[in-house]
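Order-wise, the sequence lines are chains E and X.
Its first residue numbered 1, the first sequence is counted upward by one per residue in our numbering.
Its first residue numbered 1, the second sequence is counted upward by one per residue in our numbering.
What follows is a short report on a single structure.
There are 2 protein chains.
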Amino acid sequence: MPDKIIRMQRSETDSSARPVMLAIGGDSASGKTTLTTGLVDALGADRCLAICVDDYHKFDREERKKLPFTPLHPDCNYIDIMEQHLQLLALGRPILKPVYDHSTGTFTRPQYLEPKEFVIAEGLHPLSTKLTRACFDVTAFLDPPEEIRHEWKIKRDCAKRGYTVEQVRADLESREPESEQFIRPQRRFADIVVRFAPIPSRADPPGTPLSAELMLRPTIRHPTLSNVLSDDNRTAMHLKIMRDRDGTPTDCLHVHGHASAEEARQLEKSIWQELNVPGGPPPRLGEIDPGVRSEPLALTQLILLYHLLQARE
Amino acid sequence: MPDKIIRMQRSETDSSARPVMLAIGGDSASGKTTLTTGLVDALGADRCLAICVDDYHKFDREERKKLPFTPLHPDCNYIDIMEQHLQLLALGRPILKPVYDHSTGTFTRPQYLEPKEFVIAEGLHPLSTKLTRACFDVTAFLDPPEEIRHEWKIKRDCAKRGYTVEQVRADLESREPESEQFIRPQRRFADIVVRFAPIPSRADPPGTPLSAELMLRPTIRHPTLSNVLSDDNRTAMHLKIMRDRDGTPTDCLHVHGHASAEEARQLEKSIWQELNVPGGPPPRLGEIDPGVRSEPLALTQLILLYHLLQARE
Numbered sequence: 001m002p003d004k005i006i007r008m009q010r011s012e013t014d015s016s017a018r019p020v021m022l023a024i025g026g027d028s029a030s031g032k033t034t035l036t037t038g039l040v041d042a043l044g045a046d047r048c049l050a051i052c053v054d055d056y057h058k059f060d061r062e063e064r065k066k067l068p069f070t071p072l073h074p075d076c077n078y079i080d081i082m083e084q085h086l087q088l089l090a091l092g093r094p095i096l097k098p099v100y101d102h103s104t105g106t107f108t109r110p111q112y113l114e115p116k117e118f119v120i121a122e123g124l125h126p127l128s129t130k131l132t133r134a135c136f137d138v139t140a141f142l143d144p145p146e147e148i149r150h151e152w153k154i155k156r157d158c159a160k161r162g163y164t165v166e167q168v169r170a171d172l173e174s175r176e177p178e179s180e181q182f183i184r185p186q187r188r189f190a191d192i193v194v195r196f197a198p199i200p201s202r203a204d205p206p207g208t209p210l211s212a213e214l215m216l217r218p219t220i221r222h223p224t225l226s227n228v229l230s231d232d233n234r235t236a237m238h239l240k241i242m243r244d245r246d247g248t249p250t251d252c253l254h255v256h257g258h259a260s261a262e263e264a265r266q267l268e269k270s271i272w273q274e275l276n277v278p279g280g281p282p283p284r285l286g287e288i289d290p291g292v293r294s295e296p297l298a299l300t301q302l303i304l305l306y307h308l309l310q311a312r313e
Numbered sequence: 001m002p003d004k005i006i007r008m009q010r011s012e013t014d015s016s017a018r019p020v021m022l023a024i025g026g027d028s029a030s031g032k033t034t035l036t037t038g039l040v041d042a043l044g045a046d047r048c049l050a051i052c053v054d055d056y057h058k059f060d061r062e063e064r065k066k067l068p069f070t071p072l073h074p075d076c077n078y079i080d081i082m083e084q085h086l087q088l089l090a091l092g093r094p095i096l097k098p099v100y101d102h103s104t105g106t107f108t109r110p111q112y113l114e115p116k117e118f119v120i121a122e123g124l125h126p127l128s129t130k131l132t133r134a135c136f137d138v139t140a141f142l143d144p145p146e147e148i149r150h151e152w153k154i155k156r157d158c159a160k161r162g163y164t165v166e167q168v169r170a171d172l173e174s175r176e177p178e179s180e181q182f183i184r185p186q187r188r189f190a191d192i193v194v195r196f197a198p199i200p201s202r203a204d205p206p207g208t209p210l211s212a213e214l215m216l217r218p219t220i221r222h223p224t225l226s227n228v229l230s231d232d233n234r235t236a237m238h239l240k241i242m243r244d245r246d247g248t249p250t251d252c253l254h255v256h257g258h259a260s261a262e263e264a265r266q267l268e269k270s271i272w273q274e275l276n277v278p279g280g281p282p283p284r285l286g287e288i289d290p291g292v293r294s295e296p297l298a299l300t301q302l303i304l305l306y307h308l309l310q311a312r313e
């Protein structure tokens with residue numbers, strides 16, 4: 001039971017000597033980097049180490065061409081070394097992380113990383129095993145509707161990685177069986193499941209920011225939201241208990257894309273007040289592009305921030 | 001006390017699940033590879049993993065040019081990661097070892113290594129910290145006289161690494177202060193100190209193999225040699241108790257270069273009989289070049305082999 005052992009070791013380790021660990025899982029182009037960037041900005045890069053745990057590939061791009069699986073398949077990755085590195089970070093120890101260069105598809109010089117007060121590990125497989133999950137204080141999974149994620153992936157891979165739309169579509173198609181088998185099942189191990197999407201029942205004008213639906217599972221203690229929010233689902237923000245797909249009870253926070261800054265601010269303030277932290281919430285949460293703020297993203301980041309700071313106490 | 005913790009963890013771990021670990025320390029060109037190769041050959045590559053622990057450099061060759069120290073300096077190496085990897089191997093776990101390419105002076109794709117029944121870790125720093133030392137069942141240090149080592153280094157670096165004699169001499173000179181400060185002090189932590197050298201008092205004809213002087217410290221239980229060997233130091237092989245440089249008592253086995261194969265065979269047989277292993281000693285011990293055998297090397301390898309197999313029991 002190595003997962004129990006790491007849990008025990010973490011409990012025994014002086015909490016000032018080990019970092020608070022957050023996992024952000026989700027498929028390719030599901031918004032992990034956007035979410036992470038805002039958190040690092042809010043905490044400060046001196047206090048927070050963000051790592052992408054997708055560099056534990058067994059094969060380089062050339063070798064992979066001859067193989068019947070995509071990088072989503074666990075057999076394509078040294079999951080055991082990822083587990084090992086997450087355990088080491090969780091116990092406050094440094095790692096020498098492999099580095100995969102996406103531009104050339106080869107491995108380069110490994111990177112020496114020391115944990116800081118907070119460690120955010122984002123990637124495709126951070127919640128894939130009992131042992132990885134045992135390393136985290138808080139776990140999140142990004143679960144946008146597939147059509148939205150495909151749009152995001154096409155936009156990003158064409159703009160930043162030099163692919164054509166057809167190439168990205170073919171890639172998405174070839175990855176679909178492994179997404180279903182290995183990536184999406186991690187959703188059920190997250191304390192918080194985040195779904196950015198337009199609200200199906202509404203015809204919001206184009207340009208309305210996406211809404212967020214945050215499933216807040218009672219696996220960790222969330223901030224009290226019921227003081228501020230009603231369960232009237234006609235309001236721009238509301239909280240509702242429901243059953244998840246597997247029947248387990250959960251809270252569900254909806255933040256509509258058209259929620260006003262003022263409404264959001266009130267909720268932010270209430271969450272922040274539950275923390276014993278001076279000052280107000282970090283001002284730049286929710287920034288999508290410089291100067292462009294999404295209230296649903298800001299609230300999502302704030303709730304994650306709440307958990308990180310709470311765990312530090 | 002992380003060194004105590006690793007010792008305890010190793011004791012607790014089912015001994016069939018963790019490898020027997022041998023360290024072979026020593027300066028550059030002191031004969032580590034020759035010694036290791038014979039051991040791997042004797043045990044079989046399927047049972048024995050040999051790793052060189054000199055790839056934990058912090059800097060590549062270009063970066064090092066601007067720095068005031070050579071690769072012998074601990075600050076030039078991620079000693080903490082080497083410690084971590086030795087601990088992992090010692091507990092039977094895999095590592096992703098960094099790989100430094102000596103031909104280009106840069107870092108390349110890391111190597112996934114799983115421990116086998118036996119692990120031999122050879123290099124410049126395997127005995128440099130309490131924590132590394134706690135990972136080993138047996139520790140050896142190669143301690144040839146400096147003039148012999150210099151000859152070996154010039155021969156090897158010119159033949160295999162494309163340097164000129166002057167370059168190697170300059171390199172040796174620049175490394176000398178760090179050899180003295182960081183490499184040679186590891187000698188005192190070895191269970192076995194091996195010194196290949198001509199015998200100063202004799203004028204053996206050229207071509208006589210080097211003699212071996214093996215200091216067998218009572219830090220581990222050595223095979224009983226006193227049945228077979230006398231302490232008459234005029235014989236080709238003899239055993240003698242003496243004080244080491246620091247005054248501690250130790251056994252010292254001398255095997256002269258001119259010892260006959262027959263004399264050596266008798267001692268080999270007696271050592272092997274103390275092990276509960278079927279068959280006789282591996283036939284190719286002591287091979288320097290194909291078909292060329294050194295009895296002193298063969299006996300050195302046999303004694304290390306004895307300890308590896310004994311620890312496995």
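For every residue, glycine included, the Cβ atom is placed at its ideal position computed from N, Cα and C.
Bear in mind that the values here come from a model prediction, so they are computed numbers and not experimental data.
Same chain only: Cβ atoms within 7 Å of residue i, ignoring 5 sequence neighbours per side
i	result
V193/E	F141, D143, R187 and M215
P145/X	A197
P2/E	L131
H320/E	Look at the range of chain E in this structure, 1 to 313, and you will see that residue 320/E is not part of it.
H238/X	L229, S230, D231, D232 and H254
P317/E	Chain E is shown from 1 up to 313; residue 317/E falls before or after that span and cannot be answered.
Y78/E	Y56 and K58
E114/E	P94
Local conformation of residue i per DSSP, three classes
i	result
V255/X	strand
C48/E	strand
P177/X	helix
P98/E	strand
E117/E	coil
K58/X	coil
L314/E	Here chain E covers residues 1 to 313 and nothing more, so residue 314/E does not appear.
L267/E	helix
L22/E	strand
D232/E	coil
P205/X	coil
P185/E	helix
P68/X	coil
G105/X	coil
V292/X	strand
P74/X	helix
Integer-rounded CB distance, given that residue j should sit under 8 Å from residue i
i	j	result
F118/X	V255/X	The pair is not a contact, with the Cβ atoms about 24 Å apart (cut-off 8 Å).
I81/E	P94/X	7 Å
L39/E	Q301/E	6 Å
L267/E	L210/E	At roughly 17 Å, the Cβ-Cβ gap does not stay under 8 Å, so L267/E and L210/E are not in contact.
D191/X	T219/X	5 Å
R23/X	L127/X	What sits at residue 23/X in the sequence shown is Ala, not Arg. Contact holds; Cβ gap of about 6 Å.
L67/E	T13/E	That pair is no contact at about 39 Å.
R61/X	G105/X	3 Å
V138/X	L304/X	7 Å
Other residues of its chain near residue i: CB distance less than 8 Å, five sequence neighbours each side excluded
i	result
A236/X	V255, H256, H258, A259, S260 and E263
For residue i, the first and last residue of its enclosing beta strand (DSSP E)
i	result
E213/E	S211 to L216
T224/X	T224/X -> no beta strand (DSSP E), and no H or E assigned at all.
V194/X	I192 to A197
V138/E	V138 to L142
K240/X	M237 to R243
I288/X	E287 to D289
First through last residue of the alpha helix (DSSP H) which encompasses residue i
i	result
R7/E	P2 to E12
H307/E	E295 to R312
H85/E	I79 to A90
V40/X	K32 to L43
D157/E	E146 to R161
T132/X	K130 to R133
6 Å Cβ shell around residue i - same chain, five flanking residues per side excluded
i	result
L332/X	This structure cannot settle anything about residue 332/X, because the visible part of chain X is limited to 1 through 313.
A17/E	G92
- [ ] Please determine if the stretch 280-291 of chain E and the stretch 47-65 of chain X are in contact, where contact requires at least 3 C-beta pairs separated by less than 8 Å.
- [x] no
Task: Cβ contact check for the stretch 104-118 of chain X and the stretch 96-113 of chain E: 3 or more pairs under 8 Å - done: yes
- [ ] Inspect the CB distances between the stretch 41-52 of chain E and the stretch 119-130 of chain E and report whether three or more fall short of 8 Å.
- [x] yes
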